[in-house]
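Residue numbers (this note's numbering): 52 to 197.
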């Protein structure tokens, strides 16, 4: 299920337009295909390298976390919102907050995990973590397309 916040199509003059690019359920087996599709969509929307590669890597890390920590699957929604490329990764796991993301590169601060989320926060122009509609989490990452 796509959270209500992911369904908005704009409408008011001050709201950015929303263009859905990709909606996919995924498992570990499908992650390489999802990564390729995200890359193709990002290229088509004009996200240039090296930002495109960074964004794809960040999305892959967050999706991989959903598989590893939230029941083995998830849902990805990629959309263009105004001048941003925005990706929502939705899972049905136990949920979490931004507090789990280390401040320093994991390993330097003694944390054995968290590199994927740390890196995603580093490369994204915007990263938020919210509770899912019924359970789980919705991680939203966005980068500006120039």
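Virtual Cβ for every residue (Gly too), placed ideally from N, Cα, C.
Just so we're clear, the structure is a prediction, and the values are computed from it rather than from any experiment.
- For a cut-off of 8 Å, the C-beta gap from residue 93 to residue 136 is around 6 Å, short enough to register as a contact.
- Take the alpha-carbon of residue 110 and the one of residue 74: they are about 13 Å apart.
- In this chain, residue 192 is not harboured by any alpha helix (DSSP H); it is covered by the beta strand (DSSP E) spanning 188-195.
- Residue 178 is a Cβ neighbour of residue 192, given a cutoff of 9 Å.
- The DSSP-derived three-state label of residue 181 is strand.
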